[in-house]
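Trainee:
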Amino acid sequence: MFLTISTTGNPERPATDLGFLLHKHPERAQTFPTSHGTAHVLYPEASPERCTAALLLEVDPVALVRRGKGKGRGGAPDSALAQYVNDRPYAASSLLAVALAKVFKSALHGVCQAMPERAAAPLPLRVEVPALPARGGVALVRALFGPLGWDTVEAEPVALDGQFPEWGASRYVRLVLEGELRLADALNHLYVLLPVLDDAKHYWVAPDEVDKLLRAGDGWLAGHPERQLITARYLSRRWGLARAATERLELVRLAEAEGLDVDDVDNAVDESTDTEERPVPLAEQRREAILAALTAAEASRVLDLGCGQGQLVQALLKDTRFTEVVGVDVSVRALTVAARRLRLDRMGERQAARVKLIQGSLAYTDKRLTGYDAAVLSEVVEHLDLPRLPALEYAVFGSARPRTVLVTTPNVEYNVRWESLPAGHVRHRDHRFEWTRKEFRSWAASVAERYGYGVGFTPVGPDDPEVGPPTQMAVFTRAQDREPTAEKNRTAGPAAEKTRTAEKPGTAGPAAEKNRTADPTTAKEEQA
């Protein structure tokens with residue numbers, strides 16, 4: 001699927017200024033990864049008299065299916081042949097709108113430091129979209145774009161088959177828009193109205209979509225005759241969100257009618273006393289879940305294995321129930337940052353006695369780690385190559401053997417909910433793998449059985465009914481009356497070791513093909 005944006009000029013005001021406004025050089029073809037494929041920007045023509053920029057989006061149909069099924073969650077709503085064979089790679093839709101926002105983000109906001117006056121002024125523009133789904137036909141296309149200042153709105157129906165004209169027209173149109181508008185306005189019109197005409201979105205519509213709609217519709221949506229239809233379709237007919245958007249747009253309309261700012265109209269609440277809750281970052285939700293689990297386990301001496309820059313250690317020290325906190329990391333640099341974060345050099349004697357930072361690798365047994373109530377592996381295991389997981393398992397569960405072990409790791413199924421995450425990518429470049437809920441539970445159950453632990457599972461973050469939570473946590477509790485079967489396996493010879501490795505779940509995938517030497521405690525970052 002693609003669209004083109006053209007403008008004209010003269011030697012004094014060359015058309016190639018379009019390259020400055022779009023922040024894409026006319027002499028270069030550029031490529032950008034998107035959630036469901038690859039976007040290309042190129043210039044079929046670039047001269048002082050006429051310049052055309054083209055946005056070409058190559059959609060990966062396999063990634064499209066894997067990242068979600070059903071209307072509004074990634075799948076085509078009308079895939080008549082099969083889920084892999086549909087119009088999504090060819091017809092302009094929310095896929096193209098998202099690519100437009102990512103590739104031309106600065107232009108969409110009207111920002112151009114090199115030519116601010118050109119960005120603020122109308123340009124003679126011509127926009128072409130060869131294949132645009134139009135649920136509502138030509139009349140709806142004109143009703144949507146007509147009131148927005150375009151001089152020409154052409155919507156030519158595309159025949160179902162040119163060889164059989166008697167079959168009539170399809171639901172697709174070839175769209176041509178011409179007029180003098182600011183480039184930012186034109187891009188925002190397309191960003192909102194492409195998915196509205198398609199009447200479908202490829203991703204889950206969350207509450208933040210209301211803010212996106214209002215930002216893109218600033219200056220034109222509040223007074224649009226088809227405001228209700230645009231709002232309902234853009235928000236995938238989630239009526240609660242549509243009602244919230246309509247109320248906010250009505251405030252904008254009233255403010256414009258009175259010549260006032262929106263804040264002057266909507267002044268019933270004093271902002272200084274506003275107690276509206278803000279979204280809690282996932283990293284913070286993860287720490288809260290860990291603290292709650294440690295409290296429930298009545299742990300007082302805690303190991304943070306793979307402590308990274310010390311965020312969890314800092315949170316543990318704030319609670320006096322944790323009398324001893326030990327942070328372990330293989331990275332000396334990370335430990336230095338953690339010490340600076342904790343202000344160890346200025347810490348009081350009593351507080352300093354509660355905390356210790358030590359350098360060590362979790363791939364090896366360490367007598368310093370024995371005898372603790374609990375150990376935490378927060379976002380650690382996914383940094384380790386799968387063939388080396390057994391070494392970590394034995395070092396923690398077989399050698400250190402704390403009473404409670406907490407393990408958190410990303411839930412790869414939830415990745416479809418992040419629109420900005422490119423298809424097929426893990427959340428962090430150092431992740432060797434990311435498990436599904438089933439794979440994680442299988443691994444945890446296997447470890448618990450081998451080392452004499454019971455295990456339970458807790459969701460961290462919003463628990464989506466379709467794909468689960470963004471983070472999954474396993475809580476291992478040592479069974480006092482059970483001898484770890486792993487100890488028996490370790491004395492049963494090489495054959496038992498091979499059997500234990502063969503039973504390892506989750507080894508399918510690209511990470512199993514590699515045998516890197518990275519340690520699980522490296523590249524530790526807070527992820528949101």
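Residue 528 is where the sequence shown ends in this note's numbering, and the numbering goes up by one at each step. Cβ atoms here follow ideal geometry from the backbone N, Cα and C, with glycine treated the same way.
1) Any idea if Gln30 is buried or exposed, counting beta-carbon neighbours within 10 angstroms, 16 or more meaning buried?
2) Suppose you measure from the CA of Val127 to the CA of Glu247; what does that come to, to the nearest Å?
3) Can you give me the C-alpha to C-alpha distance between Ala242 and Arg417, rounded to a whole angstrom?
4) Using CA coordinates, which residue listed in Pro165, Gln228, Glu117 and Val396 is at the minimum distance from Tyr372?
5) Identify, in the order they occur along the chain, each residue of the same chain with its Cβ nearer than 6 angstroms to the Cβ of Ala119, setting aside the five sequence neighbours on each side.
6) Our contact map puts Gln314 next to Arg341 with C-beta atoms below 8 angstroms; I'd like the distance itself, whole angstroms only.
7) Taking Pro322 as the reference, give the member of Leu344, Ala334, Leu294 and Glu349 with the closest Cα.
8) If we call anything under 9 angstroms between Cβ atoms a contact, is Pro157 one with Val129?
9) Starting from the N-terminal side, write out each stretch of the alpha helix (DSSP H) that is 4 residues or longer and does not extend beyond the stretch 428-453.
10) From Asp87 to Leu148, what does the alpha carbon distance come to, in whole angstroms?
11) Identify the residues that DSSP records as bridge partners of Ser378: which are they?
12) Helix, strand or coil, according to DSSP, for Ser170 in the structure here?
13) Report, in whole angstroms, the separation of the C-beta atoms of Phe476 and Val376, which I expect to be a contact under 8 angstroms.
14) When the Cα of Thr34 is compared with those of Val280, Lys102 and Arg50, which residue comes out closest?
15) Helix or strand or just coil, what does DSSP make of Leu317?
16) Excluding five sequence neighbours on each side, which residues of the same chain lie with their C-beta closer than 7 angstroms to the C-beta of Thr7?
17) Rounded to whole angstroms, what is the Cα-Cα separation between Arg237 and Lys212?
18) Is the stretch 359-371 in contact with the stretch 430-443, if contact means three or more CB pairs nearer than 8 angstroms?
19) Just to confirm before moving on: does the CB-CB distance between Pro133 and Ala92 stay below 9 angstroms?
20) Work out the CA separation of Arg142 and Val153 for me, nearest whole Å.
21) Just mark Arg516 as buried or exposed, buried being the case when its beta carbon has 16 or more other beta carbons within 10 Å.
22) Mind checking Gly468: buried by the 16 CB within 10 Å criterion, or exposed?
23) Using a beta-carbon distance below 9 angstroms, is Pro133 in contact with chain B?
24) In the structure shown, what three-state DSSP assignment does Lys504 receive?
25) By the three-class DSSP mapping on this structure, what secondary structure does Thr8 have?
26) When the Cα atoms are used, what is the spatial distance from Arg388 to Ala474?
27) Where are the alpha helix (DSSP H) runs, 4 residues long or more, that stay fully inside the stretch 178-264, in chain order?
28) From the DSSP output, which residues share a beta bridge with Arg28?
29) Three or more C-beta pairs closer than 8 angstroms, one from the stretch 205-223 and one from the stretch 170-182: is that the case here?
30) For the alpha helix (DSSP H) containing Thr336, list its first residue and its last residue.
31) Smallest Cα separation from Ala98: which of Met1, Thr458, Ala363 and Glu12?
32) Look at the Cβ atom of Leu96, then the Cβ atom of Leu55, and state whether they are nearer than 9 angstroms.
33) How many angstroms separate the CA atom of Ala46 from the CA atom of Leu421?
34) Are there 16 or more other CB atoms within 10 angstroms of the CB of Tyr414, so buried, or fewer, so exposed?
35) Under a Cβ-count criterion, where at least 16 other Cβ atoms within 10 Å of its own Cβ denotes burial, should Val381 be classed as buried or exposed?
36) Buried or exposed: where does Thr408 fall if 16 or more other Cβ atoms within 10 Å of its Cβ makes it buried?
Mentor: Let's see:
1) Under this definition Gln30 is an exposed residue.
2) Going from the Cα of Val127 to the Cα of Glu247 covers about 32 angstroms.
3) So the two alpha carbons sit approximately 20 angstroms from each other.
4) Ranking the options by Cα distance to Tyr372, first place goes to Val396.
5) Taken in chain order, the residues that qualify are Leu21, Gly110 and Cys112.
6) Between Arg341 and Gln314 the Cβ distance is about 6 angstroms, and since that is below 8 angstroms, they are a contact.
7) Before going further, note that residue 322 is Phe rather than Pro in the sequence given. Of the candidates Leu344, Ala334, Leu294 and Glu349, Leu294 places its Cα closest to the Cα of Phe322.
8) Note that the C-beta distance between Pro157 and Val129 is not below 9 angstroms.
9) Unbroken alpha helix (DSSP H) stretches of 4 residues or longer found wholly inside the stretch 428-453: 437-451, given in chain order.
10) If I take the Cα positions, the gap works out to 28 angstroms.
11) Under DSSP, Ser378 takes part in a beta bridge, and its partners are Thr408.
12) Three-state result, Ser170: strand.
13) About 11 angstroms separates the beta carbon of Phe476 from that of Val376, a gap too long to meet the 8 angstroms contact definition.
14) The shortest CA-to-CA distance from Thr34 to any of Val280, Lys102 and Arg50 is the one to Lys102.
15) The answer is helix: DSSP assigns Leu317 an H, G or I state.
16) Within the same chain, Thr7 has close Cβ partners Ala15, Leu18, Cys51, Leu123, Pro124 and Leu125.
17) A straight-line Cα-Cα distance of about 16 angstroms links Arg237 and Lys212.
18) Because the criterion of three Cβ pairs below 8 angstroms is not met, the stretch 359-371 and the stretch 430-443 do not touch.
19) Taking 9 angstroms as the cut-off, the Cβ atoms of Pro133 and Ala92 count as close.
20) Roughly 6 angstroms between the two C-alpha positions.
21) Residue placement at Arg516 is flagged as unreliable, the pLDDT there being 39, under the threshold of 50; a coordinate-derived value is accordingly withheld.
22) Here Gly468 is buried. Its C-beta has 16 or more other C-beta atoms within 10 Å.
23) Looking at the structure shown, chain B is missing, and only one protein chain is on hand.
24) Low confidence applies here, because Lys504 scores a pLDDT of 42, under 50, leaving its location unreliable; read the following figure in that light. Lys504 falls in the coil class under three-state DSSP.
25) In the displayed model, Thr8 falls within a strand according to three-state DSSP.
26) Computed Cα separation, rounded: 20 angstroms.
27) Whole alpha helix (DSSP H) segments, 4+ residues: 183-198, 208-216, 227-234 and 239-258.
28) Answer is none; Arg28 lacks a bridge partner.
29) At 8 angstroms Cβ cutoff, the stretches do not touch.
30) Thr336 -> alpha helix (DSSP H) spans Val332 to Leu342.
31) According to the sequence shown, residue 98 is Val rather than Ala. Its Cα nearest to that of Val98, the residue Met1 stands out among Met1, Thr458, Ala363 and Glu12.
32) Cβ distance < 9 angstroms, so Leu96 and Leu55 count as in contact.
33) Straight across, the Cα-Cα distance linking Ala46 with Leu421 is about 32 angstroms.
34) It is buried - the Cβ of Tyr414 has at least 16 other Cβ atoms within 10 Å.
35) Val381 is buried by the Cβ-count criterion.
36) Buried.
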